[in-house]
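Undergrad: Position 168, counted from 1, in the sequence shown is what this note's numbering calls 169; the numbers after and before it change by one each time, with no gaps.
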Amino acid sequence: MKTHLTDTTGPQLDQDTYEALLAGALAARTCGETAVRALLALPDAELGRRLKQEIALYLEVNNPPTSKATLSRPVRAGAGKRMGRGLRALVEDLALAARRQWVEDGELITATALQSGLHLSARALSQAVNARRMFTVRVDATDYFPAFYLCATPARRKLEAVTKSLGDMPGQNKLWFFTSPHESLGGLTPLQALPLLPGRIKFAAADFLAR
Numbered sequence: 002m003k004t005h006l007t008d009t010t011g012p013q014l015d016q017d018t019y020e021a022l023l024a025g026a027l028a029a030r031t032c033g034e035t036a037v038r039a040l041l042a043l044p045d046a047e048l049g050r051r052l053k054q055e056i057a058l059y060l061e062v063n064n065p066p067t068s069k070a071t072l073s074r075p076v077r078a079g080a081g082k083r084m085g086r087g088l089r090a091l092v093e094d095l096a097l098a099a100r101r102q103w104v105e106d107g108e109l110i111t112a113t114a115l116q117s118g119l120h121l122s123a124r125a126l127s128q129a130v131n132a133r134r135m136f137t138v139r140v141d142a143t144d145y146f147p148a149f150y151l152c153a154t155p156a157r158r159k160l161e162a163v164t165k166s167l168g169d170m171p172g173q174n175k176l177w178f179f180t181s182p183h184e185s186l187g188g189l190t191p192l193q194a195l196p197l198l199p200g201r202i203k204f205a206a207a208d209f210l211a212r
């Protein structure tokens, strides 16, 4: 007998359906943490619509109405590529939407705004980026800086040291590191842990790099 899992916000799910849903969640995780955050930011109806589209496309490729043996290799390859492009486009669209929202919310700011807030010259800011003490995130052909660098000098120096320890990691990954909870920090984000557990943050950064 199949067990049913109850969700207080929706209908009961049988075990097979629940496991399929869990598999989908794990697959989304492999697309990257920025994309996962973007997925969670979508309205429920829009997320459901897009997921159903991708599931239907998957079924079209893997369970076509005629036998696979009767389909030519170019047809199968073309369908597979179409599905791949659809998935990649979805992930890229969601990640871009998340970055645009961060700009709108003021979590990402322009170089001019950062220079003004910190009283830095363009040269000094460029040197900080080149030395990997600060990083940028590109949104619609513009490079933005995390607004969390707008803090008192002692805290900013600690942030810069941690940023440098993240090396050549893409900016959006660095942003995720700083703004996401980490088990090694007791469920705090590095930004929250900075004044409380400063000694642990570099260890969290090393663990993040090793993933």
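Ideal Cβ positions, reconstructed from N, Cα and C, are used throughout, including at glycine.
#1: So, with DSSP's three-state summary, where would you put F178?
#2: Using C-beta distances below 8 Å, list every residue in its chain close to R101, excluding the 5 sequence neighbours before and after it, in chain order.
#3: Between E105 and A148, which are expected to be in contact by the criterion C-beta below 8 Å, what is the C-beta distance as a whole number of angstroms?
#4: Just to confirm my understanding: we take L198, look at its own chain, exclude 5 residues before and 5 after, and list those with CB closer than 8 Å. What are they?
#5: Given 8 Å as the limit, is there contact between the segment 108-125 and the segment 158-171, that is, 3 or more CB pairs closer than that?
#6: Any idea what DSSP makes of F146, helix, strand or coil?
#7: In three-state terms, what does DSSP make of R133?
#8: Can I202 and F146 be called in contact, C-beta distance under 8 Å?
#9: Per DSSP, which residues does I110 bridge with? Please list them.
#10: Which one of A46, A162, Q193 and A207 has the shortest CA to CA distance from T180?
#11: Can you give me the Cβ contacts of R133 inside the same chain, cut-off strictly under 6 Å, excluding the 5 residues immediately before and after it?
#12: Nearest to F226 by alpha carbon, out of L41, A98 and A112?
#13: Given that a residue counts as buried once 16 or more other Cβ atoms are within 10 Å of its Cβ, and exposed if not, what is A211?
#14: Considering only the alpha carbon of each residue, which of F204, A207, A99 and L115 lies closest to A153?
#15: Quick test of your reading: F178 and L167, contact by CB under 8 Å. State the CB separation rounded to the nearest angstrom.
#16: If I'm right that A162 touches H183 with Cβ under 8 Å, what's the distance once you round it to whole angstroms?
#17: Along the chain, where does the alpha helix (DSSP H) that runs through R212 open and close?
#18: What is the C-beta distance between L91 and L119, in whole angstroms, given that I count them as a contact (C-beta under 8 Å)?
#19: Below 8 Å on the Cβ atoms is my contact criterion, and I expect V213 with L176 to pass it. Report the Cβ-Cβ distance as a whole number of Å.
#20: If you drop the 5 nearest sequence neighbours on each side, which residues of the same chain put their C-beta closer than 8 Å to that of T143?
TA: Based on what the coordinates show:
#1: Reduced to three states, the DSSP call for F178 is helix.
#2: The answer, listed in chain order, is V140 and D141.
#3: Between the beta-carbon of E105 and that of A148 there is about 12 Å, and that puts the pair past the 8 Å contact cut.
#4: Around L198: L186, G187 and L189.
#5: Taking 8 Å as the limit for Cβ pairs, the verdict is that the segment 158-171 does not touch the segment 108-125.
#6: Collapsing the DSSP output to three states places F146 in a strand.
#7: Looking at R133 - three-state DSSP - the assignment turns out to be coil, as it is neither helix nor strand.
#8: No, these two residues do not count as a Cβ contact at 8 Å.
#9: DSSP lists F146 as partners of I110.
#10: The closest CA to that of T180, considering only A46, A162, Q193 and A207, is found on Q193.
#11: Excluding residues up to 5 positions away in sequence, K165 lie with their Cβ nearer than 6 Å to the Cβ of R133 in the same chain.
#12: This structure cannot settle anything about residue 226, because the visible part of the chain is limited to 2 through 212.
#13: A211 comes out exposed.
#14: Nearest C-alpha to A153: L115.
#15: With a Cβ gap of about 7 Å, F178 and L167 count as contacting.
#16: About 17 Å separates the two Cβ atoms, so there is no contact after all.
#17: Element bounds for R212: n/a, residue is neither H nor E.
#18: Wrong, their Cβ atoms sit about 37 Å apart, outside the cutoff.
#19: With the chain covering only 2 through 212, there is no way to say anything about residue 213.
#20: Excluding residues within five positions, the ones whose Cβ falls inside 8 Å are T111.
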